Amino acid sequence: MQAQKKMRYGFVAAALAAGLVLSGCSSKSDDAAPTDAASTPAAADGLATAQAAYDAALAASLTFAYPGDAFDATAASGKKVAMISINDQIPVLKQWTETIAAGLEGQGVKVTQKSDAGGVIDPLPKFFQQAVTDKVDLIITNAVPAALIPLADLGDIPVMTTNQTAAPGVAVADGIAADPSFDFSAAASLMADWFCVTGAGAGNAVVWGSEGQASSPIMIDTIKARTTANCPDAKVDYQDAPLATWFDGTLDGVAKNTVTADPTITHLLPLYDGMTIATGAGVDAAASAAIQGSFNMTPAIAAGIGKGSVKMDVGCPNDWFSYATVDASLRLLTGNAVPANYGITCKVFDESNIGSIDASVENSVNWYGIDFAAEFAKFWTAS
9 MQAQKKMRYG
19 FVAAALAAGL
29 VLSGCSSKSD
39 DAAPTDAAST
49 PAAADGLATA
59 QAAYDAALAA
69 SLTFAYPGDA
79 FDATAASGKK
89 VAMISINDQI
99 PVLKQWTETI
109 AAGLEGQGVK
119 VTQKSDAGGV
129 IDPLPKFFQQ
139 AVTDKVDLII
149 TNAVPAALIP
159 LADLGDIPVM
169 TTNQTAAPGV
179 AVADGIAADP
189 SFDFSAAASL
199 MADWFCVTGA
209 GAGNAVVWGS
219 EGQASSPIMI
229 DTIKARTTAN
239 CPDAKVDYQD
249 APLATWFDGT
259 LDGVAKNTVT
269 ADPTITHLLP
279 LYDGMTIATG
289 AGVDAAASAA
299 IQGSFNMTPA
309 IAAGIGKGSV
319 KMDVGCPNDW
329 FSYATVDASL
339 RLLTGNAVPA
349 NYGITCKVFD
359 ESNIGSIDAS
369 VENSVNWYGI
379 DFAAEFAKFW
389 TAS
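Numbering of the sequence shown is given in the working numbering, commencing with residue 9 and proceeding in unit increments.
Here is the structure:
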């Protein structure tokens, strides 16, 4: 059978990259159970803190600050880049691939390869070998853990990962040239705040992480800490959904069984909004009233906010991240140092403000009031 022939990304990544596995993310909620000892004043203070942070992110007016000096990017023109993604079925990964490629091509860089592994690791060696054969000047990977990159076989071709450090200050993996990333802890904190506020401090949530994704442990730790601090009477259960299960019907069934087994569940918090398609199908199949909040704010999900189970999505601008990756690529191609932190900030979208934007397509000016392509381009010509 095909399932026997193909090694699923999540399980193999766990074997190859034990440091990326979600330790402690089981279907039990031992350490997240509500405590009767929580004092009413403390709980009220925590809820007020969550409400204030959430309201601020809901009304946020983002500002852009470039984290370095201008440089001459023209020397990158004509150079070759290969792009390798773990799974462009995921809406945000597809969006990043397309935006990054367009940004590079706009600066004269030749994107010779856009390869999609489709959520399994079998094709990865072939994709990297193709990049070597094409003698590219840089390889950019999209959500591919460093442990799955055959660095020893790539000669002197630099490799840049994305979102594998998952928070400012986390060191890049050995052999990796750079790793532009969101601050996933900021997004997770806002997800926890939304849960606390909409659950009135006493909701019952299931959080789904995804094995092998470097950001999952950071996000889960943040949600645990934030809910413990701000809504200690709430109940939170942590489960895992390896990437391949998002699309083969497995996660749909798990979500359905989960909300059916516990009708008191009020919230689902899949860490990445591409997961909400499957978890939402499970909610619908179970006729559950549970609501969902997530992160990534991709149009495929944003357009449905308030129309189905998804009520909130944290948007840390995908164009900001994409052009930060373009910027880092141009710096590597021209021998310039890459900033450690691109300072990407976030805004919350829910039923109260989703009508103020055209959610069908991510337009940075419409959604966030900033043209990130134009802002970054100002710094690609040395003064």
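For glycine and all other residues, C-beta sits at the position ideal for the given N, C-alpha and C.
Just so you know, these numbers come straight off a predicted model, no measurement behind them.
Residue i - containing alpha helix (DSSP H), residue span
| i | result |
| --- | --- |
| Asn374 | Ser372 to Tyr376 |
| Val215 | From DSSP, Val215 is part of no alpha helix (DSSP H) but of the beta strand (DSSP E) over Asn212 to Gly217. |
| Gly323 | Careful: Gly323 lies outside any alpha helix (DSSP H), inside the beta strand (DSSP E) at Val318 to Gly323. |
| Val356 | Note, Val356: premise wrong, no alpha helix (DSSP H); beta strand (DSSP E) at Lys355 to Asp358. |
| Pro99 | Pro99 to Glu113 |
| Pro225 | Ser223 to Asn238 |
| Pro307 | Pro307 to Ala310 |
Unbroken beta strand (DSSP E) run spanning residue i, endpoints
| i | result |
| --- | --- |
| Gly301 | Ile299 to Phe303 |
| Val244 | Lys243 to Asp248 |
Local conformation of residue i per DSSP, three classes
| i | result |
| --- | --- |
| Asn150 | strand |
| Ala90 | strand |
| Asp201 | helix |
| Thr71 | coil |
| Ser296 | coil |
| Val267 | helix |
| Lys386 | coil |
| Val119 | strand |
| Ala65 | helix |
| Ala208 | coil |
| Val140 | helix |
| Ala78 | coil |
| Ala186 | strand |
| Val369 | coil |
| Ala51 | helix |
| Phe255 | coil |
| Pro133 | helix |
| Asp260 | helix |
| Ala381 | helix |
| Leu341 | helix |
| Ala174 | coil |
| Val291 | helix |
| Asp161 | helix |
| Ser193 | helix |
| Ser85 | coil |
| Thr272 | coil |
| Ile313 | coil |
Bridge partner(s) assigned by DSSP for residue i
| i | result |
| --- | --- |
| Leu277 | Val215 |
| Ser330 | Paired residue(s): none; Ser330 is not in a bridge. |
| Asp124 | Ser93 |
| Met168 | Ile148 and Ala186 |
Cβ neighbour criterion (16 or more within 10 Å) applied to residue i
| i | result |
| --- | --- |
| Val369 | exposed |
| Glu219 | buried |
| Pro325 | buried |
| Ser224 | buried |
| Val152 | buried |
| Asp53 | exposed |
| Thr266 | buried |
| Asp44 | Note that Asp44 has pLDDT 45, beneath the 50 cutoff, so the model's placement of it is unreliable and the number below is only indicative. By the 10 Å Cβ count, Asp44 comes out exposed. |
| Thr141 | exposed |
| Ser360 | exposed |
| Pro250 | buried |
| Gly163 | exposed |
| Asn374 | exposed |
Beta-carbon proximity check, residue i vs residue j, cutoff 7 Å
| i | j | result |
| --- | --- | --- |
| Cys239 | Gly217 | no |
| Ser317 | Gly288 | yes |
| Leu340 | Lys87 | no |
| Ile309 | Thr272 | no |
| Ile98 | Gly377 | no |
| Met320 | Gly290 | no |
| Val117 | Ala84 | yes |
| Gln121 | Ala73 | no |
| Ser189 | Asn150 | no |
| Asp245 | Val214 | yes |
| Asn349 | Pro176 | yes |
| Ile108 | Ser330 | yes |
| Ile147 | Val167 | yes |
| Thr169 | Ile184 | yes |
| Ala336 | Ala186 | yes |
| Ala200 | Thr253 | no |
| Asn344 | Phe79 | yes |
| Val356 | Leu70 | no |
| Trp328 | Ile352 | yes |
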